[in-house]
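Inspection log for the structure reproduced underneath, given as structure tokens.
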Amino acid sequence: MTIWAKGAPLMALALLLATMPALAQSRADLAMRCADYLKPDVSIAACSAMIQARGPGDGDLSEVYKNRASAYRNRREPDKALKDLDEAIRIKPDYADAYDARGYIFFELRQNERAVQAYDQVIRLDPKNAGAFDIRSRALSRLGQFERAMQDHDQAIKLSVFSKITADDQARRCWNRAGLGQLDAALRDCTEALRLERDNAAALDSRGLVNLKANRHTLAIADYDAALGVEPRRATALYGRGIARQRQGDAARGADDIEAAKAIQPDIAEEFARLGVR
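Going by numbering that gives the first Met the number 0, the sequence shown opens with residue 0, and the numbers climb by one from there.
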């Protein structure tokens, strides 16, 4: 997946394409431009031209709709992207890549139940897709289904082309174990994560959660400070620090942290409630 981008209006690019030489307007050229969704406006114009033409030899167009959806996503238009992915799946019900793209958009929108459902389909169609297990694991963790999240994460590592367990992997295991209340095991995972990468924000944040749940509030605040030193807008670290500060009697600064976290992630209180922190 790529960073969202903006560009010139679609109409202007459609007119530009229309004025190009006939050779450049061949189906192969349009297909190449359609697939270049890192240039969203060019991709949308070319894909739209292919959809409108629907000439002999265009095939089922499912990939065209999927590519245009990726371009819409990069242009920060998720509703249009999802509509195109629905059409790609209608045309080709076993199109794993389209379910994958749809699941990731739901994940980005924090529609986690829908993300899990989409990745269920991806894994049914492509059971060796490490990325699908990885993102489903993240969505399950957000939903408080920590045991399933750990199982999916382990499967993602097993299927990955990289055999080495990273600091981020250890940090996520720490987070999920903290959610399950397995604080000693979680702390060991976080310790290993920080041994691998001492400034890993996810590991510092996860260890902050472990200390928060263990009522070691001074240590939790120190971990959250360190995590925020690496990622100043990390909502979970801000919220956790806010709770720790309030528990230590620093109501004003705690409230400031909590409000800052909610501004970044509106559902942050619900996520922490599923972690057993209120």
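For every residue, glycine included, the Cβ atom is placed at its ideal position computed from N, Cα and C. Since the structure is predicted, the reported quantities are computational estimates derived from the model, not experimental observations.
1) Rank 275, 250, 245 and 230 by C-alpha distance to the C-alpha of residue 263 and give the top, closest one.
2) Nearest-angstrom Cα distance between residue 266 and residue 27?
3) Rounded to the nearest angstrom, what separates residue 174 and residue 107 at their Cα positions?
4) Specify, as a first and last residue, the run of the alpha helix (DSSP H) that residue 205 falls within.
5) Go ahead and label residue 51 buried or exposed: buried means 16 or more other beta carbons lie within 10 angstroms of its beta carbon, across all protein chains shown.
6) How would you call residue 205, buried or exposed, if buried means at least 16 neighbouring beta carbons within 10 angstroms?
7) Give me, in chain order, the residues of the same chain whose beta-carbon lies closer than 8 Å to that of residue 90; leave out the 5 immediate sequence neighbours on both sides.
8) If contact is defined by three or more beta carbon pairs under 8 Å, each pair taking one atom from either stretch, is the region 149-161 in contact with the region 185-194?
9) Decide if residue 278 is buried, meaning its Cβ has at least 16 other Cβ atoms within 10 Å, or exposed.
10) Could you give the residue range of the alpha helix (DSSP H) that holds residue 165?
11) Which whole-angstrom value describes the C-beta separation of residue 185 and residue 176, a residue pair presumed to lie in contact below a C-beta threshold of 8 Å?
12) Inspect the beta-carbon positions of residue 275 and residue 207 and report whether they are closer than 8 Å.
13) What residue does the alpha helix (DSSP H) around residue 276 start on, and which one ends it?
14) Just to confirm, is the Cβ distance from residue 236 to residue 226 under 8 Å?
15) Considering only their Cβ atoms, is the gap separating residue 70 from residue 43 smaller than 8 Å?
16) Quick check: what's the CA-CA separation for residue 293 versus residue 120?
17) Residue 66 by DSSP, collapsed to three states: which one?
18) For residue 19, which residues of its own chain have a beta-carbon under 8 Å away from its beta-carbon, when the five flanking residues on both sides are left out?
19) Round the Cβ separation of residue 167 and residue 201 to the nearest angstrom and send it over; I've been treating them as touching at under 8 Å.
20) Considering only their Cβ atoms, is the gap separating residue 84 from residue 97 smaller than 8 Å?
21) Cutting at 8 Å between CB atoms, please list the residues of its own chain near residue 76, excluding the five before and the five after it.
Quick look at the numbers:
1) 230
2) 45 Å
3) 20 Å
4) 200-212
5) exposed
6) buried
7) 59, 60, 61 and 64
8) no
9) The structure shown does not extend to residue 278, since the chain is modelled only from 0 through 277, so no value can be given for it.
10) Premise fails: residue 165 is in no alpha helix (DSSP H) and is neither H nor E.
11) 4 Å
12) no
13) No alpha helix (DSSP H) contains residue 276, which DSSP labels as neither H nor E.
14) yes
15) yes
16) One cannot answer for residue 293 here, as it falls past the ends of the chain, which runs 0 to 277.
17) helix
18) Note on residue 19: pLDDT 45, under 50, position unreliable in the model; no value is reported.
19) 6 Å
20) yes
21) none
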